[in-house]
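Protein chains in written order, with the UniProt record's numbering: chain A, 1 to 362; chain B, 1 to 314. Backbone N, C-alpha and C fix where the C-beta goes; we use that ideal spot for every residue, glycine too. The model shown is predicted, which means the values in this text are computed figures rather than measured ones.
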């Protein structure tokens with residue numbers, strides 16, 4: 001079976017810990033995105049899987065076999081690099097053929113396979129050109145073609161779309177997803193673009209400072225962020241994360257105080273077990289409904305900045321003591337600058353994070 | 001809107017962003033300046049084809065042709081190839097027969113010694129540079145600095161111990177000795193040049209090759225080397241020019257059989273007490289220019305990219 005597994009993987013560069021105790025398993029045919037801000041260790045994790053870096057501790061297991069000691073060429077993988085890494089001195093066709101050289105197949109077979117992937121990725125007409133003579137999009141497709149020309153155990157993509165312009169990125173995202181869905185290989189994609197991760201991945205592993213913070217389906221990481229970092233990282237506009245004092249729980253509602261406002265929030269019942277004290281309340285900007293009355297259920301703020309985004313409008317509102325709250329309302333909801341807003345959060349999209357940053361949900 | 005080009009624009013001051021079109025004005029200015037710089041070389045080439053007596057004539061003769069009467073007759077000389085013939089064979093003693101001067105041998109020596117030493121330095125230096133670039137040592141920069149110190153002393157200081165050592169091991173006057181010495185001196189420059197080229201390469205490409213199944217040897221030869229061809233060419237030409245023109249080491253460390261042209265040139269014009277034969281000297285110099293000129297000419301496509309140290313890339 002074509003699977004990837006990393007167990008307690010740690011990678012240090014000198015005293016700097018790039019990846020710490022990472023655990024992840026990728027099933028055959030599954031695509032997992034490593035998502036995180038730059039410097040979070042996602043590329044290092046990928047390179048360690050590839051064998052381009054050696055693990056300091058822990059295991060890399062590919063197709064059921066521990067490969068820690070194996071050099072990249074013996075791991076039977078294919079990788080697409082951020083800057084494509086095409087061989088500058090070789091034509092596109094010879095670039096694509098390169099991984100086939102180690103397989104004992106005749107030149108006719110090599111040519112046939114190159115033609116086959118060139119057809120899939122629309123490279124037929126540029127096989128004789130050098131990488132310096134083709135466009136970014138073509139380079140990207142050539143790099144993908146070189147990866148899929150062989151039949152490796154798994155695929156690794158390092159920021160595959162980051163160099164393309166927006167339009168090309170959309171179409172390549174679809175093309176890569178289509179190509180991958182026809183293969184039953186474990187695939188790991190590294191990206192810092194959450195949209196890319198949300199659209200391409202079966203599961204997303206969110207990393208920060210060398211730690212995997214949460215692994216889950218795109219839906220899970222969006223709807224049930226495990227901690228404050230994941231909550232803030234996934235979703236645009238960013239989730240509102242409000243520092244508050246938790247005063248107690250009753251009638252399915254949490255009594256919290258923030259910015260001198262007493263608010264009763266409908267939240268997950270597990271919050272009942274929480275001790276009183278400091279918490280972070282997370283509410284997605286789209287989870288507010290604007291009501292006319294100021295009640296105990298509402299958060300009150302004043303519209304300060306209004307950014308129309310097309311179908312919706314983003315409102316930056318400010319509470320009495322100065323906290324910024326982002327609210328997204330439908331386009332037809334007219335709000336004026338300076339208007340007082342009474343906001344009721346949707347209970348399903350209201351998250352309470354304990355003092356240590358973890359979501360209270362269990 | 002007007003298409004009129006101001007004078008300043010015409011001679012090359014820019015009024016638009018980006019790269020302007022190639023213009024006649026600035027081309028003319030640059031051509032004139034280039035010609036002024038080229039004049040000494042041109043004068044030597046003309047001197048080489050002057051009759052012997054005209055080398056020091058006042059006013060100097062300036063042109064082998066009158067350009068259809070454009071240049072007054074007193075500035076025009078009748079070109080001759082006699083000087084080139086006498087580089088290789090001429091009358092050495094009064095009333096004697098023309099005899100071989102050995103300059104064919106000296107040119108051969110110069111070509112063999114310069115190219116062998118530069119190539120040797122290129123092979124060793126490129127390997128070393130790749131090592132410094134891809135397999136750094138603790139204190140990598142210190143080692144590189146130490147390598148450069150070999151070029152910090154003037155040749156005249158280095159030469160004395162070298163002469164003594166060469167005498168002791170019997171390398172004086174041999175091809176091997178002078179080739180090794182030049183190679184050693186070119187090495188510092190080669191390592192530094194080539195390291196900067198290797199540093200510029202994207203290591204992703206090498207990693208891709210590793211994943212595609214290339215051994216480290218193959219990564220070096222098939223992936224890295226083809227990308228630094230420009231650097232190899234530039235380093236080769238720079239090294240060649242330095243070595244080709246070197247005088248002091250050659251004077252003191254080559255023997256009669258291994259003498260190089262710069263040394264022989266000096267001896268050819270200063271011996272015999274008859275004063276300097278300027279037209280002969282000019283002829284030797286003109287011939288001496290040809291090999292380096294050809295090497296540079298054939299490598300110029302690579303050189304252009306090479307001398308920018310790979311910094312200008314798309």
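Could you please give me the residues that DSSP links to residue 103 of chain A through a beta bridge?
For residue 103 of chain A, which the question treats as bridged, DSSP gives no partner whatsoever.
Output yes if chain A places a C-beta closer than 8 Å to the C-beta of residue 312 of chain B; else output no.
Any reading at residue 312 of chain B is ruled out, since the residue's pLDDT is 42, under 50, leaving its predicted position unreliable.
So, is residue 8 of chain B buried or exposed, given that buried needs 16 or more other C-beta atoms within 10 angstroms?
Residue 8 of chain B should be labelled exposed.
Count the CB pairs spanning the stretch 295 to 306 of chain A and the stretch 341 to 352 of chain A that are closer than 8 Å, and state whether there are at least three.
They touch, by the three-pair rule.
Considering only the alpha carbon of each residue, which of B/59, B/93, B/86, B/90 lies closest to residue 77 of chain B?
The option with the nearest alpha carbon to residue 77 of chain B is B/59.
Using the three-state DSSP reduction, which class does residue 176 of chain A fall into: helix, strand or coil?
In the structure shown, residue 176 of chain A sits in a helix (DSSP, three-state: H, G or I).
Just to confirm my understanding: we take residue 251 of chain B, look at its own chain, exclude 5 residues before and 5 after, and list those with CB closer than 6 Å. What are they?
Excluding positions up to five away in sequence, the list reads 263.
What is the DSSP secondary structure of residue 216 of chain B, counted as helix, strand or coil?
Residue 216 of chain B falls in the helix class under three-state DSSP.
Among A/269, A/255, A/270, which has the Cα closest to the Cα of residue 263 of chain A?
Residue 263 of chain A has its Cα closest to that of A/255, out of A/269, A/255, A/270.
What residues in the stretch 97 to 117 of chain A have a beta carbon less than 8 Å from any beta carbon of chain B?
So the close ones are 98, 99, 101, 102.
Check whether the Cβ of residue 202 of chain B lies closer than 8 Å to any Cβ atom in chain A.
Yes, its Cβ sits closer than 8 Å to a Cβ of chain A.
If we call anything under 8 Å between Cβ atoms a contact, is residue 296 of chain B one with residue 229 of chain B?
No. Outside cutoff.
With a threshold of 8 Å, are at least 3 pairs of Cβ atoms found where one atom belongs to the stretch 198 to 211 of chain A and the other to the stretch 13 to 31 of chain A?
Touching, yes, given that three or more Cβ pairs across the two stretches are closer than 8 Å.
Among the residues of its own chain, which have a CB less than 6 Å from the CB of residue 160 of chain A, if the five just before and after it don't count?
Once the five neighbours on either side are set aside, the close Cβ partners of residue 160 of chain A are 80.
Rank A/172, A/155, A/294, A/165 by C-alpha distance to the C-alpha of residue 120 of chain A and give the top, closest one.
When each option's Cα is compared against that of residue 120 of chain A, the closest is A/172.
Can you find at least 3 beta carbon pairs, one from the stretch 312 to 328 of chain A and one from the stretch 217 to 229 of chain A, that sit closer than 8 Å?
Counting Cβ pairs under 8 Å, fewer than three are found: no touch.
Within 8 Å, do at least three Cβ pairs link the stretch 105 to 115 of chain A to the stretch 64 to 72 of chain A?
In short, these stretches do not touch, since the Cβ pair count stays below three.
Which residues of chain C have a Cβ atom closer than 8 Å to the Cβ of residue 88 of chain A, listed in chain order?
Among the protein chains of the structure shown, namely A and B, there is no chain C.
Please confirm whether residue 50 of chain A and residue 77 of chain A have their CB atoms less than 8 Å apart.
In this structure, residue 77 of chain A lies closer than 8 Å to residue 50 of chain A by Cβ.
What residues from chain B crowd round residue 77 of chain A, counting only those whose CB sits closer than 8 Å?
Result: 211.
Chain B beta carbons: is any one of them nearer than 8 Å to that of residue 160 of chain A?
No - not a single Cβ of chain B is within 8 Å of the one on residue 160 of chain A.
Just list the alpha helix (DSSP H) runs in the stretch 215 to 245 of chain A, keeping only unbroken ones of 4 residues or longer that don't cross its boundaries, in chain order.
Qualifying alpha helix (DSSP H) stretches, in chain order: 218 to 223, 228 to 233.
Using beta-carbon positions only, say whether residue 89 of chain B and residue 101 of chain B come within less than 8 Å of one another.
A contact, by the Cβ cut-off of 8 Å.
So which residues on chain A does residue 214 of chain B lean against when the C-beta distance must stay under 9 Å?
In chain order: 73, 98, 101, 102.
Cutting at 6 Å between CB atoms, please list the residues of its own chain near residue 197 of chain A, excluding the five before and the five after it.
So the qualifying residues of the chain are 33, 35, 191, 204.
Decide if residue 99 of chain A is buried, meaning its Cβ has at least 16 other Cβ atoms within 10 Å, or exposed.
Label assigned to residue 99 of chain A: buried.
Please name the residue or residues paired with residue 265 of chain B in a DSSP beta bridge.
In DSSP, residue 265 of chain B forms no bridge with anything.
Please classify residue 37 of chain B: is it buried, with 16 or more other beta-carbons within 10 angstroms of its beta-carbon, or exposed?
By the 10 Å Cβ count, residue 37 of chain B comes out exposed.
Which chain A residues are close to residue 114 of chain B, counting only those with a beta carbon under 9 Å from its beta carbon?
Residues of chain A passing the Cβ test: none, with the nearest at roughly 29 Å.
What did DSSP end up calling residue 49 of chain A once you bin it into helix, strand or coil?
Helix at residue 49 of chain A.
So what's residue 63 of chain B in DSSP terms, helix, strand or just coil?
Residue state, collapsed to three classes: strand.
Compare the Cα-Cα distances from residue 160 of chain B to each of B/22, B/248, B/75, B/74 and report the closest residue.
When each option's Cα is compared against that of residue 160 of chain B, the closest is B/248.
Is residue 208 of chain B close to chain A? Criterion is C-beta to C-beta, closer than 8 Å.
Output row for residue 208 of chain B: interface = yes.
Within this structure, are the beta carbons of residue 242 of chain A and residue 350 of chain A separated by less than 8 Å?
Not in contact: residue 242 of chain A and residue 350 of chain A (Cβ atoms no closer than 8 Å).
Residue 180 of chain A CB to nearest chain B CB: under 8 Å?
No, no contact with chain B.
Assuming residue 62 of chain A contacts residue 4 of chain A (C-beta within less than 8 Å), just tell me the rounded distance between them.
Sure, about 6 Å apart at Cβ, within 8 Å.
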